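Oh and the sequence shown: position 78 is 95 in my numbering, straight run, nothing missing.
Beta carbons: idealized from backbone N, C-alpha and C, even for Gly.
Here the structure is a predicted model, which means the values were calculated and not measured.
In what follows, a single structure is set out as structure tokens and then discussed.
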Amino acid sequence: IRPTEIFFTYLKCAVLSGFVLSLPIFFWHTWRFVAPGLYPGERRAVVPFVFFSTILFTSGAFFGYTMIFPVIFGFFTSFDSAFAESAWTMQEVFSLTTRLFLAFGVAFELPIVVFFLSITGVLTARQLLAGTPYAVLAMFVVGAVLTPPDVVSQILLAIPMVGLYLVGVGVAWVFGPKQEPAQRDARDPA
């Protein structure tokens, strides 16, 4: 351990905690600034978005902490032997934990992203289903980028993302724009 490591780890933890705890106040002030410029329908749409985004991010962080962290830390310590034993520093544990919290929190926002792509008409549920193989590949790439350089944590992040993608496809199917019968008949001659 370096002489300054404990101090700077405590400092980083305090700054991160202060940032997270101040987010509700920041969002409240941002909302008070933006809300007068929105139409009533737009204002009503923000509340469910904020609610579900918060729930999904928190669920992702909680899922990562309870289900994935023990597996990842167990995986890393499984390489210890009589000849070599890993020596984790506070900085490394804090950095890894913070990165995994963020990765799982952001990954669980996937249904919200798919929902907005659907209701804006950018993608339909059929297009999302057709693109599932590419989406799965992209999720494994994202899992590789966001997690430590081991296959286990990559897979443990990508598998829930695939499930959340499929939930998003279901949400897109239910809430996506419906085609008018005339448009459907014009596209499908049969």
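Item, Value
"Excluding the five sequence neighbours on either side, which residues of its own chain have a C-beta within less than 6 Å of the C-beta of G91, listed in chain order?", "none"
"In terms of alpha-carbon separation, which member of L174, G148 and F43 lies closest to V158?", "L174"
"Pick helix, strand or coil for T71, following the three-state DSSP scheme.", "helix"
"DSSP three-state label for F100, please.", "coil"
"Work out the CA separation of I23 and T106 for me, nearest whole Å.", "9 Å"
"Note down, in chain order, each residue of its chain lying with its Cβ closer than 8 Å to the Cβ of T146, except the 5 sequence neighbours on either side.", "First, the residue type needs correcting, since residue 146 is Leu and not Thr in the sequence shown. Contacts found: V186."
"Do you know how far the Cα of S135 is from the Cα of Y27?", "43 Å"
"Does the distance between the C-beta of V32 and the nearest non-hydrogen atom of the ligand GDP fall short of 7 Å?", "Absence of the ligand GDP from the depicted structure is noted, as is the absence of any ligand whatsoever, leaving it without description."
"Helix, strand or coil for V139? Go by DSSP, reduced to three states.", "coil"
"Since F133 contacts G77 with CB under 8 Å, what's their CB separation in whole angstroms?", "With a Cβ gap of about 18 Å, F133 and G77 do not count as contacting."
"Can you tell me which of the three DSSP states S95 falls into?", "coil"
"Quick one: give me the first and last residue of the alpha helix (DSSP H) that P165 is part of.", "That residue, P165, is in no alpha helix (DSSP H); it is neither H nor E in DSSP."
"Along the chain, where does the alpha helix (DSSP H) that runs through M107 open and close?", "M107 to A124"
"Residues in the same chain with beta-carbon distance under 7 Å from R60, minus the five sequence neighbours each way, listed in chain order, please.", "A52"
"Closest to L33 by CA distance: which of R116, F50, W45 and L55 is it?", "R116"
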